[in-house]
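Here the structure is laid out as structure tokens; the discussion comes afterwards.
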Amino acid sequence: MAITAINANTIPSSENTQSTTDVLGKDDFLQLLVAQLQNQDPLKPMESTEFTAQLAQFSSLEQLYNVNDNLNGLGANQLAMNNTQTISMLGKSAWAYGNIIQKSDTSDIDIHFGLSGNAVETVVNIFNAQGDFVKTISAGAMEAGDRFVAWDGTDSEGRLVSDGLYQFEVLAGDAEGGAVSAETFIVGAVTGVTFDDNGVAHLLINDMSIPMNSVVHVAETENIAETGASILTYFTENWR
């Protein structure tokens, strides 16, 4: 089955990337300083204060290069640690930001979302991959927190739709007639891990490639029902 990438990052064109061939390195700076000393006028030698200042500049440049190398090393180590931790997520259930669902058989598909407040009316609209309307599910009143509705895979006429990717949106309103914010989620078992060209890990959830920065929660698969309720605190405290 094909794997779909979600929230793929755009890689800047090489035409817009500034070349580093024109940037002087620390070795170039030292060679210039030595050449300046070798070619100075013997009758007008460089002042000691000026020479000291240039040496100080070279020392600062050397320290900056060392700091940059250390930061690069720390970044690489952190990335390796994060990727190692990602492997431990295999077989677990993950919640990630997104509004894509995968229909692959006749089973009901759970559509997950979080509500920022209590809603007296909740509506879920489903669209196909091209953005065409498929169906509306009226879920009625719902309390704040992590919620879901089941879609039977049919359209508004009751006909079973074809397998593939579908999008959804959630609209909710409170008792005062105001809108209730809704955050949509992709929820499913982690069946694999991939790494992009930059070494960043992506989780395979429902045959979709999800970047790690979109993942908000991971739990044991057998506890998926209980975990859905337990992350209510996360949503209410970290609502975006």
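Each residue of the sequence shown is one higher than the last, beginning at -19 in the working numbering. No residue lacks a Cβ here, since even glycine has one placed at the ideal position from N, Cα and C.
Residue i versus residue j: straight-line alpha-carbon distance, rounded
i    : j    : result
I106 : A155 : 24 Å
A121 : N79  : 21 Å
A82  : G179 : Reading off the sequence, residue 82 comes out as Gln, not Ala. Using only the alpha carbons, I get a separation of about 26 Å.
D112 : V141 : 12 Å
V104 : D135 : 13 Å
V173 : I166 : 16 Å
I89  : Y146 : 11 Å
I91  : N48  : 45 Å
E200 : S73  : 6 Å
A152 : T102 : 4 Å
A15  : D177 : 42 Å
V114 : F175 : 34 Å
I190 : S84  : 18 Å
E123 : Q110 : 32 Å
G133 : N108 : 11 Å
Closest residue to residue i among the options (Cα-Cα distance)
i    : options                : result
Q143 : N186, F128, A119       : Rather than Gln, the amino acid found at residue 143 in this sequence is Asp. Minimum Cα distance to D143 is reached at N186.
G125 : G158, T164, D112, Q82  : T164
G97  : M192, V160, V14, V167  : V160
S118 : N108, Q110, F148, R139 : F148
R127 : Q11, E137, V150, S40   : V150
T86  : R139, N46, W75         : R139
V196 : Q18, G157, A76, S84    : A76
G157 : Q43, S84, V100         : V100
A130 : T116, E137, Q43        : T116
Beta-carbon gap between residue i and residue j smaller than 8 Å
i    : j    : result
I71  : V170 : Strictly speaking, residue 71 in this sequence is Gly, with Ile absent from that position. Cβ atoms of G71 and V170: closer than 8 Å.
T66  : A181 : yes
L184 : M69  : no
Collapsed DSSP secondary structure at residue i in the structure displayed
i    : result
T102 : strand
Q110 : coil
L70  : coil
S136 : coil
A159 : strand
A121 : coil
V141 : coil
V196 : strand
S189 : strand
V150 : strand
V129 : strand
V173 : strand
V180 : coil
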